[in-house]
Amino acid sequence: MKVLVPIKRVIDFNVKVRVKPDNSNVDLANVKMAINPFCEIAVEEAIRLKEAGVATEVIAVSIGTKACQEQLRTALALGADRAIHIETDLELDSINIAKLLQKVVEEEQPQLVILGKQAIDSDNNQTGQMLAALTNMPQGTFASIVKVDGDKVNVTREVDGGLQTVALTLPAIVTTDLRLNEPRYASLPNIMKAKRKPLDVKPADDFGIDLTPRTKLLKVTPPADRQAGIIVESIDELVEKLKNEAKVIS
Amino acid sequence: MSILVVAEHDNSSLKADTFKTVAAAQAIGGDIHILVAGSNCQEVAQQAAKVNGVSKILVADNAAYEHQLAENVSLLVTELAVDYDHILATALTTGKNFMPRVAALLDVTQISDIIGVESADTFIRPIYAGNAIATVQSLDNKKVITVRTTGFDAVASDGNAEVVAIDSVTDAGNSSHVSDELTVSERPELGAASIIISGGRGMQNGDNFKLLEGIADKLGAAIGASRAAVDAGFVPNDMQVGQTGKIVAPDLYIAVGISGAIQHLAGMKDSKVIVAINKDPEAPIFQVADYGIVADLFDALPELESKL
Ligand SMILES: Cc1cc2nc3c(=O)[nH]c(=O)nc-3n(C[C@H](O)[C@H](O)[C@H](O)COP(=O)(O)OP(=O)(O)OC[C@H]3O[C@@H](n4cnc5c(N)ncnc54)[C@H](O)[C@@H]3O)c2cc1C
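As you go down the protein sequences, you meet chains A and B in turn.
If you're matching positions, the first sequence starts at 1 in our numbering and goes up one per residue.
If you're matching positions, the second sequence starts at 251 in our numbering and goes up one per residue.
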């Protein structure tokens, strides 16, 4: 079975983003970019399915500027077989991303699509679910265990109260949570090999989808600053402060 | 304007979070209805009828909705959505699961995790782990929104709404519930607690979380954790506080053996008072803490417990 893995290029998770002085957006100039950590977990899961003989082909797809080919090459170096880049300079809303991915799903007919549960830039947590709705597939979101079993996949999900396991009829959508796996590092030989793996580039405009923005970003501001407080010297002092100054315990 | 709020519940009780989501609906303004989709959930409907400022409760009581399967609930909500301008759910794992499906079926994009309402079409939401706050205008005709509860104060429980049964059943038939493995605890839930004490990698193992339990019991606190503590298997996943875990804003948050990574801060930095216990004076957690103590947690915790 084919596994499709949509991935997103985002700011590196170690970088603390800054807001532009004119409050128009965040400043990403000269900032280190990387594959979204949850997407990396998705790539890893797909590769493990292939290594286990469950998947036959792993296809990575990314939507964005030419720069996101860098992240597609990373996915190829990690073990994806081929990549598709849907090129656009527009900042697309999730619904439009999901519609483009729907076209890829129609063309590639994967049995499983694995996405990250959320991108650490927009923090939306919605593209996978939207793709599931558009393709009329069931979904296992926030997955910590994925087990393919014949024409079904069992997904154990991280939910507020603990864990929930659902059984989905394939084809299905999975979105990854942190505990699903620990992604590997790409080895140097694999990075070299990835340069020769197929990477198809398709302009987003060729998909015949209306990509008109659905949202308008009016302003971006830094969060309210939190002042560092004081260092107390003893537990006695801490308890005294919490009781009498902060008044949060009695 | 008319607003549909999808209730967060477990078939027997309405979650306090719904009272906050209704507060967001009131900030938008309009006739507010609540949908209770579940199985044997009449009790929840009765509780929902008391939520302040709500005129009607729609109850879809059917086995298809027992486990809030996204495939089924999203079809139901989409069907009902014709009558509403705004559809709101709480940004917890249930709402995050089904709501984007509703948005896609309605051909709109979702405005996720709002913490403020500017107007009926403009909302405030954190992005980049809360390191930037975006003001976003929705250009779609219907607004599908998830609400971060730390942004809104719960409305009162003094209402008297009409309860109406919804008979249509939407079962997508492509997913089923297998099992739940829920964490059982006598302590308050993270989202509802006014005091939280959280442990990180510095706790070293799950057993040492007992050091937090004694303090939590004295304070009536909930216990949380960093990702590192969950990944290491010290504690279950539902205890993770942070950008990609639970977002909390209690009156008092005590971080023990937690360094203060961006992703952890994203989940707790709106707490009223923050205390940090860490042996490393350079730990970033001290930059957001109101009270810090540079100490070995294995000395500090027993002493703290004895002095409360
Ligand atoms: C995509 C993504 C999502 C993430 N989401 C989250 C999230 O939601 N929540 C989250 O928490 N993290 C999240 N993280 C992880 C985050 O980046 C950090 O790795 C994590 O928060 C670190 O946990 P920690 O502070 O417990 O561990 P560490 O950073 O290792 O810190 C341990 C601290 O304990 C202190 N310590 C050790 N021993 C003692 C002692 N005896 N006494 C006192 N102090 C001691 C040390 O000085 C240190 O400061 C995410 C990361 C990624 C990439």
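Ideal Cβ positions, reconstructed from N, Cα and C, are used throughout, including at glycine.
Predicted model, so just to flag it, every value in this text is computed and none were measured.
query: Return yes when the C-beta of R477 of chain B is under 8 Å from any heavy atom of ligand 1, and no when it is not.; result: yes
query: Flag D311 of chain B as yes when its Cβ comes closer than 8 Å to any non-hydrogen atom of ligand 1, and as no otherwise.; result: no
query: Could you spell out the range, first to last residue, of the alpha helix (DSSP H) harbouring S362 of chain B?; result: Counting along the chain, S362 of chain B falls outside any alpha helix (DSSP H), though it belongs to the beta strand (DSSP E) covering 360 to 364.
query: For a cutoff of 9 Å on Cβ pairs, would you count I381 of chain B as touching chain A?; result: This sequence places Asn at residue 381 of chain B; Ile is not what is there. True, the Cβ-Cβ gap to chain A drops below 9 Å.
query: Measuring only between beta-carbons, confirm whether V386 of chain B sits less than 9 Å from chain A.; result: yes
query: Measure the Cβ-Cβ separation of N347 of chain B and E158 of chain A and say whether it is below 9 Å.; result: no
query: Tell me which residues share the same chain as Q129 of chain A and place their Cβ nearer than 7 Å to its Cβ, disregarding the 5 neighbours each side in the sequence.; result: Q139, T141
query: Using a cut-off of 7 Å between C-beta atoms, extract the partners of F142 of chain A located in chain B.; result: T343
query: Does E532 of chain B come within less than 9 Å of chain A when only Cβ atoms are used?; result: no
query: Mind reading off the beta-carbon distance from G449 of chain B to A475 of chain B? Whole number of angstroms is fine, and I expect it under 8 Å.; result: 6 Å
query: Taking all protein chains shown into account, do 16 or more other C-beta atoms lie within 10 angstroms of the C-beta of R196 of chain A, making it buried, or fewer, making it exposed?; result: exposed
query: Determine the direct distance from the alpha carbon of V523 of chain B to that of A246 of chain A, and round the result to whole angstroms.; result: 7 Å
query: Counting only the same chain and skipping the five closest in sequence on each side, list residues whose C-beta sits under 8 Å from that of V54 of chain A.; result: M1, V148
query: In whole angstroms, what is the alpha-carbon distance linking I231 of chain A and A341 of chain B?; result: 35 Å
query: Would M137 of chain A count as contacting chain B if we go by Cβ distances under 9 Å?; result: yes
query: Can you pull out the residues from the stretch 148 to 168 of chain A whose beta carbon lies closer than 7 Å to at least one beta carbon of chain B?; result: N154, E158, V159, D160, G161, G162, L163, Q164, T165, V166, A167, L168
query: Please list, in chain order, all residues of the same chain as P223 of chain A whose beta carbon is under 7 Å from its beta carbon, the five residues on each side excluded.; result: none
query: Give the range of the alpha helix (DSSP H) segment to which K50 of chain A is assigned.; result: 37 to 51
query: Return the chain-ordered ranges of every beta strand (DSSP E) run that is complete within the stretch 375 to 442 of chain B and spans a minimum of 3 residues.; result: 382 to 388, 393 to 397, 412 to 415, 425 to 432
query: Is the number of C-beta pairs between the stretch 343 to 363 of chain B and the stretch 293 to 300 of chain B that are closer than 8 Å three or more?; result: no
query: Between the Cα of E108 of chain A and those of A:E40, A:S122, A:A60, A:Q227, spot the shortest distance and give me the residue it belongs to.; result: A:A60
query: Which of the three DSSP states, helix, strand or coil, is assigned to Q513 of chain B?; result: helix
query: Checking 9 Å against the spacing of the C-beta atoms, do L168 of chain A and N424 of chain B come in under that value?; result: yes
query: Quick check on H514 of chain B - is its C-beta less than 9 Å from some C-beta in chain A?; result: no
query: In chain order, what are the residue ranges of uninterrupted beta strand (DSSP E) at least 3 long that sit wholly in the stretch 290 to 369 of chain B?; result: 306 to 311, 336 to 340, 360 to 364, 366 to 369
query: So which residues of chain A does F536 of chain B contact, with C-beta pairs closer than 8 Å?; result: A228, I231
query: Touch check for the stretch 26 to 42 of chain A and the stretch 99 to 106 of chain A: three-plus C-beta pairs under 8 Å?; result: no
query: Would you call S122 of chain A buried or exposed, if buried means 16 or more other Cβ atoms sit within 10 Å of its Cβ?; result: buried
query: Should V201 of chain A go down as buried or exposed, given a rule of 16 or more other Cβ atoms within 10 Å for buried?; result: exposed
query: Relative to ligand 1, is the shortest distance from any of its heavy atoms to the C-beta of Q493 of chain B smaller than 8 Å?; result: yes
query: Considering only residues of the same chain and omitting the five flanking positions on each side of K32 of chain A, which have a CB-CB separation below 6 Å?; result: D12, V15
query: Does the distance between the C-beta of G452 of chain B and the nearest non-hydrogen atom of ligand 1 fall short of 8 Å?; result: yes
query: Could you tell me whether the Cβ of M130 of chain A comes closer than 9 Å to any Cβ of chain B?; result: yes
query: Suppose you measure from the CA of K392 of chain B to the CA of N322 of chain B; what does that come to, to the nearest Å?; result: 20 Å
query: Mapping the DSSP letters down to three states, classify V19 of chain A as helix, strand or coil.; result: strand
query: Check the Cβ-Cβ distances between I377 of chain B and every residue of chain A, and say whether any is below 9 Å.; result: yes
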